[in-house]
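**Student:** 4 is the number of the first residue of the sequence shown in the numbering used here; add one for each residue after it. Don't be surprised by glycine CBs; every beta carbon is placed ideally from N, CA and C. Pasting a structure here, questions to come.
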Amino acid sequence: MPPPPPVFDLLRCDDPRDLIHEAVQRLVQGEILGLPTETQYVAAAYLLSPATARLTELSHHWSQEPPVLAVKSPAEALDYLPRASPLGRKLLRRFWPGPVTLRFHPPAIGGLTQAIPPEVVQSLGVSRSLGFRLAGHDVLHAILRLLPAPLVLTAERTIAGTGDSAGNLADLAGEACSMLLDAGELRYTLPTSVVHVDDTTWSLHRESVVPARTLHRLAGNLYLFVCTGNTCRSPMAEALFRRLLSERQHCSDDELVDRGFVVASAGVAAGVGQPASDESIEQMRQRGIDLRGHESQPLTAELLSQADRVFTMTRGHRELVVRQFPQLADRVELLAGDGGDVVDPIGGGPEDYRRCAEQIESNLRRLLEEFPTEG
4 MPPPPPVFDL LRCDDPRDLI HEAVQRLVQG EILGLPTETQ YVAAAYLLSP
54 ATARLTELSH HWSQEPPVLA VKSPAEALDY LPRASPLGRK LLRRFWPGPV
104 TLRFHPPAIG GLTQAIPPEV VQSLGVSRSL GFRLAGHDVL HAILRLLPAP
154 LVLTAERTIA GTGDSAGNLA DLAGEACSML LDAGELRYTL PTSVVHVDDT
204 TWSLHRESVV PARTLHRLAG NLYLFVCTGN TCRSPMAEAL FRRLLSERQH
254 CSDDELVDRG FVVASAGVAA GVGQPASDES IEQMRQRGID LRGHESQPLT
304 AELLSQADRV FTMTRGHREL VVRQFPQLAD RVELLAGDGG DVVDPIGGGP
354 EDYRRCAEQI ESNLRRLLEE FPTEG
């Protein structure tokens with residue numbers, strides 16, 4: 004029986020950076036290494052080295068699934084997926100970094116894939132699909148940051164206890180790996196969830212760490228309503244939109260996520276965790292909606308990047324957002340269909356809040372005419 008590879012403990016070494024640099028050097032030289040991800044310890048090779056052929060052979064002994072590419076960012080994945088659909092691009096943003104493998108089919112594949120050696124293309128099964136993951140583990144990120152191309156990772160094992168420790172991988176890999184980096188206990192004890200992505204649809208191929216409901220929530224269309232402090236107008240818009248949309252879909256508010264709808268609100272000058280104003284709570288109460296659980300949140304770059312459509316209460320809000328994030332201009336629009344502002348009722352009385360709520364509701368009803376009815 005071949006000897007196991009040497010195991011280097013990242014938690015007890017003097018300087019982990021020395022081991023990271025050694026790992027990068029070995030990968031570029033064409034060696035296979037054992038590395039941690041947040042889900043399993045896997046064998047890895049540098050995509051542009053001859054070691055990928057040996058790695059794929061090793062992977063096929065462990066799993067029926069082909070190896071996957073580990074990338075450092077969604078942008079790097081898109082270098083190999085230049086024809087990815089808007090849905091595919093959204094899933095890259097929404098699911099990563101994290102324990103989800105995304106497998107794309109040929110219509111999306113191209114770009115730098117043409118630079119991969121033909122024998123590697125064949126072993127990766129690119130004629131059928133190409134899998135990617137952006138693992139949420141610091142060690143793998145540190146290595147990828149120092150490499151100009153992705154790593155090829157062996158497919159994960161689905162048999163319990165075969166990939167959850169460095170020792171288990173060492174026993175499996177034998178002399179195939181020249182070294183193994185031990186980062187201790189991993190965050191999860193299951194392999195990644197696997198999602199297949201076509202042009203306009205996606206399907207869950209393997210449910211695992213991330214459950215189906217969470218994936219549906221992440222993949223849904225996010226409608227974001229924006230005002231200033233996220234305590235009056237945008238919370239009312241969020242609550243009313245959720246209620247009107249659930250009525251149109253003939254489902255409960257909680258079931259909207261399963262229909263692919265996620266609704267949220269934020270403020271361009273909001274603090275964190277502030278309740279909705281008393282007057283807004285009262286206006287929603289009169290409509291049978293409980294707004295007492297609302298907590299304000301600031302409008303962030305991350306939240307904007309995840310949103311499919313952003314509705315601002317005023318032209319000033321929209322101008323502020325577009326000035327800071329011009330690349331998102333096509334997603335940001337005024338809630339009011341006539342191009343006017345939803346006037347801030349803050350400081351006013353019940354009548355001001357009533358008029359504001361009515362203005363919001365009438366514009367939401369107009370907006371919802373675009374949506375199909377189901378049930």
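Say whether the segment 275-288 touches the segment 226-237, bearing in mind that this needs 3 or more beta-carbon pairs closer than 8 Å, one atom from each stretch.
**Tutor:** Taking 8 Å as the limit for Cβ pairs, the verdict is that the segment 226-237 does touch the segment 275-288.
**Student:** In whole angstroms, what is the alpha-carbon distance linking Leu183 and Glu122?
**Tutor:** Against the sequence shown, residue 183 aligns to sequence position 180. Against the sequence shown, residue 122 aligns to sequence position 119. Distance between the alpha carbons of Leu183 and Glu122: 26 Å.
**Student:** Measure the beta-carbon distance from Val345 to Gln362 and round it to whole angstroms, keeping in mind my assumption that it falls under 8 Å.
**Tutor:** By 1-based counting over the sequence shown, the position of residue 345 is 342. By 1-based counting over the sequence shown, the position of residue 362 is 359. Confirmed, Cβ separation roughly 6 Å.
**Student:** Could you round the C-beta distance between Leu95 and Ala80 to whole angstroms and report it? I think they count as a contact, below 8 Å.
**Tutor:** As a first step, residue 95 must be located in the sequence shown, where it is residue number 92. As a first step, residue 80 must be located in the sequence shown, where it is residue number 77. Correct: roughly 6 Å between the Cβ atoms.
**Student:** For Met316, name the three-state secondary structure that DSSP assigns.
**Tutor:** Translated into the one-based positions of the sequence shown, residue 316 becomes position 313. Met316: coil per DSSP, three-state reduction.
**Student:** DSSP puts Thr104 in a beta bridge; with which residues?
**Tutor:** Taking the sequence shown and counting its residues from 1, the one referred to as residue 104 is at position 101. According to DSSP, which records beta bridges pairwise, Thr104 is partnered with Val197.
**Student:** In this structure, does DSSP put Arg384 in helix, strand or coil?
**Tutor:** The structure shown does not extend to residue 384, since the chain spans only 4 to 378, so no value can be given for it.
**Student:** Can you give me the Cβ contacts of Ile119 inside the same chain, cut-off strictly under 6 Å, excluding the 5 residues immediately before and after it?
**Tutor:** Mapped onto the sequence shown, residue 119 falls at position 116. Contacts found: none.
**Student:** Using the Cα positions of Ala186 and Pro69, report the straight-line distance between them to the nearest angstrom.
**Tutor:** Reading the sequence shown from its first residue, position 183 is the one you call residue 186. Reading the sequence shown from its first residue, position 66 is the one you call residue 69. Rounded to the nearest angstrom, the two C-alpha atoms are 25 Å apart.
**Student:** May I have the straight-line CA-CA distance separating Leu133 from Gly291, to the nearest angstrom?
**Tutor:** As a working mapping, residue 133 is identified with position 130 in the sequence shown. As a working mapping, residue 291 is identified with position 288 in the sequence shown. C-alpha separation (whole angstroms): 49 Å.
**Student:** Are the beta-carbon atoms belonging to Leu225 and Gln300 less than 7 Å from one another?
**Tutor:** Indexing the sequence shown from 1 puts residue 225 at position 222. Indexing the sequence shown from 1 puts residue 300 at position 297. No, these two residues do not count as a Cβ contact at 7 Å.
**Student:** Please report the residue range of the alpha helix (DSSP H) in which Asp281 lies.
**Tutor:** Indexing the sequence shown from 1 puts residue 281 at position 278. Segment Asp281 to Arg288, the alpha helix (DSSP H) holding Asp281.
**Student:** Taking the beta carbon of Gly378 as the centre, do at least 16 other beta carbons fall within 10 Å, making it buried, or is it exposed?
**Tutor:** On the sequence shown, position 375 is the one that residue 378 refers to. Confidence in Gly378 is poor, its pLDDT being 49 and thus under 50, which makes the residue's placement unreliable; the coordinate value appears in the next sentence. By the 10 Å Cβ count, Gly378 comes out exposed.
**Student:** Measuring straight from C-alpha to C-alpha, what distance separates Gly139 and Leu302?
**Tutor:** Taking the sequence shown and counting its residues from 1, the one referred to as residue 139 is at position 136. Taking the sequence shown and counting its residues from 1, the one referred to as residue 302 is at position 299. So the two alpha carbons sit approximately 24 Å from each other.
**Student:** Val229: buried (16+ other C-beta within 10 angstroms of its C-beta) or exposed?
**Tutor:** Position 226 of the sequence shown, counting from 1, holds the residue named residue 229. Buried is the call here.
**Student:** Would Ala111 be called buried (16 or more neighbouring beta carbons within 10 Å of its own) or exposed?
**Tutor:** Numbered from its first residue, the sequence shown carries residue 111 at position 108. Label assigned to Ala111: buried.
**Student:** Who are the near neighbours of Arg216 in its chain, counting only those whose CB is closer than 8 Å to its CB and skipping five residues on each side?
**Tutor:** The count along the sequence shown starts at 1 and reaches residue 216 at position 213. Correct list, in chain order: Val260 and Asp261.
**Student:** Ala152 to Lys75, Cα distance in whole Å?
**Tutor:** Start at 1 with the first residue of the sequence shown, and residue 152 comes out as number 149. Start at 1 with the first residue of the sequence shown, and residue 75 comes out as number 72. The alpha-carbon atoms of Ala152 and Lys75 are separated by roughly 9 Å.
**Student:** Would you call the segment 245-259 and the segment 355-372 in contact, with 3 or more CB pairs under 8 Å?
**Tutor:** The segment 245-259 vs the segment 355-372: in contact.
**Student:** If you run the structure through DSSP and keep just helix, strand and coil, what is Trp65?
**Tutor:** Working through the sequence shown from its first residue, we reach residue 65 at position 62. Helix.
**Student:** Do Glu241 and Val266 have their C-beta atoms within less than 7 Å of each other?
**Tutor:** Position 238 of the sequence shown, counting from 1, holds the residue named residue 241. Position 263 of the sequence shown, counting from 1, holds the residue named residue 266. For Glu241 and Val266, yes; Cβs fall inside 7 Å.
**Student:** I think Arg106 touches His199, with their Cβ atoms under 8 Å apart; what is that distance to the nearest whole Å?
**Tutor:** Stepping through the sequence shown from its first residue, residue 106 is reached at position 103. Stepping through the sequence shown from its first residue, residue 199 is reached at position 196. Yes, Arg106 and His199 are in contact; Cβ-Cβ is about 5 Å, under 8 Å.
**Student:** Measuring alpha carbon to alpha carbon, tell me which of Leu337, Arg131 and Pro8 ends up nearest Gly113.
**Tutor:** On the sequence shown, position 110 is the one that residue 113 refers to. Ranking the options by Cα distance to Gly113, first place goes to Arg131.
**Student:** Would you grab the beta carbon distance between Leu193 and Phe98 for me? Rounded to a whole angstrom, and I think it's under 8 Å.
**Tutor:** Indexing the sequence shown from 1 puts residue 193 at position 190. Indexing the sequence shown from 1 puts residue 98 at position 95. Their Cβ separation, rounded to whole angstroms, is 16 Å, which puts Leu193 and Phe98 out of contact at 8 Å.
**Student:** Expressed to the nearest angstrom, what Euclidean distance is found between the alpha-carbon atoms of Asp167 and Tyr44?
**Tutor:** Within the sequence shown, numbered from 1, the residue matching residue 167 stands at position 164. Within the sequence shown, numbered from 1, the residue matching residue 44 stands at position 41. Their Cα atoms are separated by approximately 6 Å.
**Student:** Taking the C-alpha atoms as reference points, what is the distance between Gly319 and Asp141?
**Tutor:** The residue you call residue 319 lines up with position 316 of the sequence shown. The residue you call residue 141 lines up with position 138 of the sequence shown. Taking the straight line joining both Cα atoms gives about 40 Å.
**Student:** How about Leu72 and Phe135: do their beta carbons lie closer than 7 Å?
**Tutor:** For the purposes of this step, residue 72 is taken as residue 69 along the sequence shown, with counting starting at 1. For the purposes of this step, residue 135 is taken as residue 132 along the sequence shown, with counting starting at 1. Yes. Within cutoff.
**Student:** What do you reckon, are the CB atoms on Pro39 and Ala173 nearer than 7 Å?
**Tutor:** On the sequence shown, position 36 is the one that residue 39 refers to. On the sequence shown, position 170 is the one that residue 173 refers to. Cβ distance not < 7 Å, so Pro39 and Ala173 don't count as in contact.
**Student:** Where does Pro19 fall in DSSP's three states?
**Tutor:** The residue given as residue 19 occupies position 16 in the sequence shown. Pro19 falls in the helix class under three-state DSSP.
**Student:** Per the DSSP calculation, Pro39 is bridged to which residue(s)?
**Tutor:** For the purposes of this step, residue 39 is taken as residue 36 along the sequence shown, with counting starting at 1. According to DSSP, Pro39 bridges with Tyr44.
**Student:** In three-state terms, what does DSSP make of Ser52?
**Tutor:** As a first step, residue 52 must be located in the sequence shown, where it is residue number 49. Coil at Ser52, not helix or strand.
**Student:** Is the shortest distance between the beta-carbon of Ser283 and the beta-carbons of chain B less than 7 Å?
**Tutor:** Among the chains in the structure shown there is no chain B, since it carries only a single protein chain.
**Student:** If we ignore side chains and look at the alpha-carbon of each, how far apart do Gly351 and Glu322 end up?
**Tutor:** Looking up residue 351 in the sequence shown gives position 348. Looking up residue 322 in the sequence shown gives position 319. Cα-Cα distance, rounded: 25 Å.
**Student:** So, Thr315 versus Leu294, is the Cβ gap smaller than 7 Å?
**Tutor:** The sequence position of residue 315 within the sequence shown is 312, counting from 1. The sequence position of residue 294 within the sequence shown is 291, counting from 1. No, Cβ-Cβ distance for Thr315 and Leu294 is not below 7 Å.
**Student:** So what's Glu60 in DSSP terms, helix, strand or just coil?
**Tutor:** The count along the sequence shown starts at 1 and reaches residue 60 at position 57. The answer is helix: DSSP assigns Glu60 an H, G or I state.
**Student:** Please name the residue, chosen from Met239, Arg358, Pro19 and Glu159, that lies closest to Ala46 on a Cα-to-Cα basis.
**Tutor:** Here residue 46 corresponds to residue number 43 of the sequence shown, with the count starting at 1. It is Glu159 whose Cα lies nearest to the Cα of Ala46.
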